[in-house]
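So the sequence shown is residues 319 to 492, counted in this note's numbering.
Built from N, CA and C at the ideal position, the CB exists for glycine as well.
Remember, it's a predicted structure, so these values are computed and weren't measured experimentally.
Shown next, in structure tokens, is the structure this report addresses.
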Amino acid sequence: MINHLLRHLLLGLVCVSSVLHTLPVSAVPMINDPKGFQSIGWGAALAGRTDVVPSRTGPHITEYRSTTGPATFAGAEMTSILLLSVDDQFARVTIRYQGEQTHAQVMRYLETQFGPLERIPGQMARGLNQQYNWRGPETEINVTYQANTERGFIFIDSRTLAPRFNDHITDSAE
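Below you can see the structure in the form of structure tokens.
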């Protein structure tokens, strides 16, 4: 009887702990789909552009970095901004940033540009891992912020091209 009670108590603690460490993800409808990033439309060829250079090249996927100066987004300096193409078509942007103030600035910008987050009564506004998502007809934006390390990640994806990244992942994860 005590083992049964202890097992249920432990299971309950694990469930509560996981809820406290991760915020739920629900996509907010995007009010202003950018259809690309910084005037580069989804599907555009990045090879041959003078404002980006390849930083990592594979048989199907190529990462590009900007040549025009420091990585900035939402009016703040980012750790890095990578533009990725799959089969020579621009499909994803990966942005990394550091700091709570930068995170707040990024979130203000995203909510202003793409729509406010839904604030549900009783929903946690903070947690160790915060996730936010905006979904438009052509673009999806995902933000993950790790409060304990103050690191943030933004993924801006073409909804039609980004799934093709998975086509080139082998079963052995090579």
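Nearest residue (CA-CA) to residue i, options the options
i	options	result
residue 465	480, 454, 473, 449	449
residue 401	362, 350, 417	362
residue 476	346, 364, 457	457
residue 377	355, 403, 446	403
residue 474	365, 389, 412	412
residue 346	359, 389, 447, 429	429
residue 365	470, 432, 463, 408	408
residue 482	410, 367, 399	410
Start-to-end residues for the beta strand (DSSP E) that takes in residue i
i	result
residue 422	Unbroken run through residue 422 is the alpha helix (DSSP H), 418-432; no beta strand (DSSP E).
residue 372	370-375
residue 383	379-384
Span of the alpha helix (DSSP H), counted from its first residue to its last, around residue i
i	result
residue 482	482-485
Three-state secondary structure (DSSP) of residue i
i	result
residue 398	strand
residue 349	coil
residue 462	strand
residue 406	coil
residue 412	strand
residue 445	coil
residue 359	strand
residue 469	strand
residue 367	coil
Environment of residue i [buried if 16+ CB atoms lie within 10 Å]
i	result
residue 371	exposed
residue 352	buried
residue 405	exposed
residue 342	Residue placement at residue 342 cannot be trusted, given a pLDDT of 46 that sits under 50; what the coordinates show is reported in the next sentence. Answer is exposed; the Cβ neighbour count stays below 16.
residue 421	buried
residue 454	buried
residue 470	buried
residue 321	Its pLDDT being 47, under 50, residue 321 is placed unreliably in this model, and the value from its coordinates should be taken loosely. It is exposed - the Cβ of residue 321 has fewer than 16 other Cβ atoms within 10 Å.
Nearest-angstrom Cβ-Cβ length linking residue i and residue j, presumed shorter than 8 Å
i	j	result
residue 417	residue 381	Contact doesn't hold; Cβ gap of about 24 Å is too wide.
residue 445	residue 348	No, residue 445 and residue 348 are not in contact; Cβ-Cβ is about 23 Å, not under 8 Å.
residue 427	residue 396	With 8 Å as the limit, residue 427 and residue 396 do not qualify as a contact, their Cβ atoms being about 12 Å apart.
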